[in-house]
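With the working numbering as the guide, the letters of the sequence shown map in order to residues 200 to 608.
We put the beta carbon where it would ideally sit given N, CA and C, even for glycine.
These figures come from a predicted structure and were not determined experimentally.
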Amino acid sequence: MDTRLQQLFQLLRWCGAVMIVAAAGTFLVQSWDHAGDVARYLALLGTTVFLPAVAYVCGIRLQEGRSARVLMLTLLALVPIHAGVLGGFVLSQFGNVTTAIAPVAQWIAPSRLVALVLVALAGVVLMPLTWASFRALARPHATVLTGASVAGHALLLIPDRTPMTATLTVVPMLATAAWCALRVKPETLESRLAVSSLLTPTIVVAARQVLFYDVSTMFWGAILGAAAIALFVLGKKSRDATVERIAVIPTLLSLGAFIDPFSRAFALLSTHWLLYGLVSAIALLAFAWASSRSRAFFVWAAMIVNAITATTTLLVDPRPWAALQAIALGLGLLSYGFMAGRRGSFYFGIALAAVGFILEVVHAIDVFEPSGWLALAGFGLALVALTGWLEHRARAVKVSHSVAPGLPQ
Numbered sequence: 200m201d202t203r204l205q206q207l208f209q210l211l212r213w214c215g216a217v218m219i220v221a222a223a224g225t226f227l228v229q230s231w232d233h234a235g236d237v238a239r240y241l242a243l244l245g246t247t248v249f250l251p252a253v254a255y256v257c258g259i260r261l262q263e264g265r266s267a268r269v270l271m272l273t274l275l276a277l278v279p280i281h282a283g284v285l286g287g288f289v290l291s292q293f294g295n296v297t298t299a300i301a302p303v304a305q306w307i308a309p310s311r312l313v314a315l316v317l318v319a320l321a322g323v324v325l326m327p328l329t330w331a332s333f334r335a336l337a338r339p340h341a342t343v344l345t346g347a348s349v350a351g352h353a354l355l356l357i358p359d360r361t362p363m364t365a366t367l368t369v370v371p372m373l374a375t376a377a378w379c380a381l382r383v384k385p386e387t388l389e390s391r392l393a394v395s396s397l398l399t400p401t402i403v404v405a406a407r408q409v410l411f412y413d414v415s416t417m418f419w420g421a422i423l424g425a426a427a428i429a430l431f432v433l434g435k436k437s438r439d440a441t442v443e444r445i446a447v448i449p450t451l452l453s454l455g456a457f458i459d460p461f462s463r464a465f466a467l468l469s470t471h472w473l474l475y476g477l478v479s480a481i482a483l484l485a486f487a488w489a490s491s492r493s494r495a496f497f498v499w500a501a502m503i504v505n506a507i508t509a510t511t512t513l514l515v516d517p518r519p520w521a522a523l524q525a526i527a528l529g530l531g532l533l534s535y536g537f538m539a540g541r542r543g544s545f546y547f548g549i550a551l552a553a554v555g556f557i558l559e560v561v562h563a564i565d566v567f568e569p570s571g572w573l574a575l576a577g578f579g580l581a582l583v584a585l586t587g588w589l590e591h592r593a594r595a596v597k598v599s600h601s602v603a604p605g606l607p608q
C-alpha cells in the first residue's frame, strides 16, 4: 500500500478518535435539561461499551489492527471522563456542593445508594475494558497498568475539593505514572500512549481545581516537584543527561511555589529570597550527589542560583547572611578557578568574596550587633578548620598513593 495512503488512513483514524473523546468530554460540562443526570451517564457508559465492540470487528473481522488499537486508546481516554462524572455523583451525596460550581458541571445523584450503585456498575464495566485495552497496547504489563489506572481514577472519587486534598491526590498519581513508565519502559507509540494515559487523572484534578475550586501554590509546587523527580529518574534510568538536566526547571519553580506561603512569616523579602537560594542549593546538590553523569551541571546550577540570590540581596538590602553567602561562594569559585586554571572563575570568585567581605565589615562597624562581627569571626574560624581538615585528607591520600600495592609498608 502506498505510504501516503497509509498516512491518510492514520490521520483519519486519529481524527475519528478525537471526535469520540470530544463528544464524551461534553458530558463533563453538559447542559441538557430534558434528561436526568443518571440517564445521561448511562448513555455515556453505553457509548463507551460500544468502542471495544467496534475494535473487535476491526481487529478480528477486518484484520485491521491499527484501527482496533486506536479505538482501545480512545477507550482509555474516556475513563477519566467517567471518573470525573462519578466523582460529581459521589460529591453530591457525600461532600459539600458549593454554589461556586457552575450548573453545567454538577452531577447530582438522587440518593447515596444510587451514587454507590453507579460507581459499582462503572467499575464492573470499565475495569475489564481497561484491562483489555492495556492487553492490546502493552500486553506483558496489562495487569500492572490496569491496577495503576484503577488506583489513579479511584482518587478522583474522593468527595473533598480542598487544595490540600487535591495536592495529596496529585502526588501519588504522578508517582504511580512515573513508576509504571520505569517498569514498563515502553518502546512503541501505542505503549507510550497507554502509559501516558495514567497521567489523565492528574489533568482532570488540575482542571477541576482551577475551574471550579481553590488552587494553592502548594498544589502547583507538588505537581512541579513530582515532575522534576520523574524527569530526573527517567533521565538517569535511560542514561540521558539532557532529560536529567531539564529537571532543574521544574525543581526551581516547585521550590518557589512551596516557599511562597512562608514569605508572610518573614518581615523582609530579602530573607525569603535568601531562603529560596539555600533550599534550591540543597535540592540541586542532592541531584548532583545522585547523578555522576550530571554532577558538575547540578553543582554549577546550585552555585549560580545562590550567587544570584546573594548578589541581588546585597545590592537591594545588604544583610550579614547574604554577605557571608557571597564570601563562601566567592571562595569556592576562587578555589575552582585556581586549581582548574580558569581565570574567569578565579577573578569572579575574588570579586564576589571581596564584595561580601567589605559589606560584612561595614555592617559590623555600623550596627553594633553580634550578627555582623560574630558571624564573620565564626566563618573565619570554620574556614581555617576546614582548610586544615582538607589538607590532612590530601596528605593522607598522597601517602596512600605513594606506597606501591603489594609491598610492605
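Item                                                                                                                                                           : Value
In three-state terms, what does DSSP make of Ser-493?                                                                                                          : coil
Leaving out five residues on either side along the sequence, give the residues of the same chain with a beta carbon under 6 Å from the beta carbon of Gln-292. : Ala-308, Arg-311 and Ala-314
Determine the direct distance from the alpha carbon of Ala-550 to that of Gly-529, and round the result to whole angstroms.                                    : 7 Å
Indicate whether Ala-446 and Phe-457 have their beta-carbon atoms separated by less than 7 Å.                                                                  : no
If we ignore side chains and look at the alpha-carbon of each, how far apart do Val-316 and Gly-424 end up?                                                    : 37 Å
My assumption, with CB atoms under 8 Å, is that Phe-333 sits in contact with Ala-276. Please give the rounded CB distance.                                     : Actually they do not touch by this definition, with Cβ atoms about 13 Å apart.
Within this structure, are the beta carbons of Ala-282 and Leu-355 separated by less than 7 Å?                                                                 : yes
Could you check how far apart the C-beta atoms of Leu-274 and Pro-251 are, in whole angstroms? I think they sit under 8 Å.                                     : 6 Å
I need the DSSP call for Arg-612, collapsed to helix, strand or coil.                                                                                          : Only positions 200 to 608 of the chain appear in this structure, which leaves residue 612 out of reach.
Along the alpha helix (DSSP H) that carries Lys-435, what are the first and last residues, could you check?                                                    : 416-436
From this set, Leu-454, Arg-444, Thr-510 and Ala-501, which residue's C-alpha is nearest Ser-490's C-alpha?                                                    : Arg-444
Quick one: what does DSSP say Asn-295 is sitting in, helix, strand or coil?                                                                                    : coil
Please find out if some non-hydrogen atom of the ligand GDP comes closer than 6 Å to the beta-carbon of Leu-558.                                               : With respect to the ligand GDP, the structure offers nothing, as it holds no ligand at all.
Assuming Ala-337 contacts Val-383 under a Cβ cut-off of 8 Å, what Cβ separation, rounded to an integer in Å, is found between them?                            : 6 Å
Checking 7 Å against the spacing of the C-beta atoms, do Ala-176 and Phe-418 come in under that value?                                                         : With the chain covering only 200 through 608, there is no way to say anything about residue 176.
Give the range of the alpha helix (DSSP H) segment to which His-352 is assigned.                                                                               : 341-353
In the structure shown, what three-state DSSP assignment does Gln-408 receive?                                                                                 : helix
Taking Leu-477 as the reference, give the member of Arg-407, Ser-493, Val-498 and Ala-440 with the closest Cα.                                                 : Val-498
Under the three-state reduction of DSSP, which class applies to Gly-624: helix, strand or coil?                                                                : There is no way to answer for residue 624, as the model of the chain reaches only from 200 to 608.
Assuming Leu-344 contacts Cys-379 under a Cβ cut-off of 8 Å, what Cβ separation, rounded to an integer in Å, is found between them?                            : 6 Å
Answer yes or no: do Thr-375 and Ala-353 have a C-beta to C-beta separation smaller than 7 Å?                                                                  : no
Hey, Val-369 and Val-404: beta-carbon distance below 7 Å or not?                                                                                               : yes
Determine the extent of the alpha helix (DSSP H) in which Pro-449 is found, giving its start and end residues.                                                 : 447-458
DSSP state of Gly-555, grouped into three classes?                                                                                                             : helix
May I have the straight-line CA-CA distance separating Asn-505 from Val-349, to the nearest angstrom?                                                          : 43 Å
What number of angstroms, rounded off, separates the C-alpha of Pro-142 from the C-alpha of Ser-479?                                                           : This structure gives no information on residue 142, because the portion of the chain shown stretches from 200 to 608.
Candidates Arg-492, Val-409, Ala-521 and Gly-245: which alpha carbon is nearest Leu-474's?                                                                     : Ala-521
Go ahead and pull the three-state DSSP assignment for Trp-472.                                                                                                 : helix
Looking at the structure shown, is Gly-145 part of a helix, part of a strand, or coil, going by DSSP?                                                          : Residue numbering for the chain in the displayed model covers 200 to 608; residue 145 lies beyond these limits and cannot be assessed.
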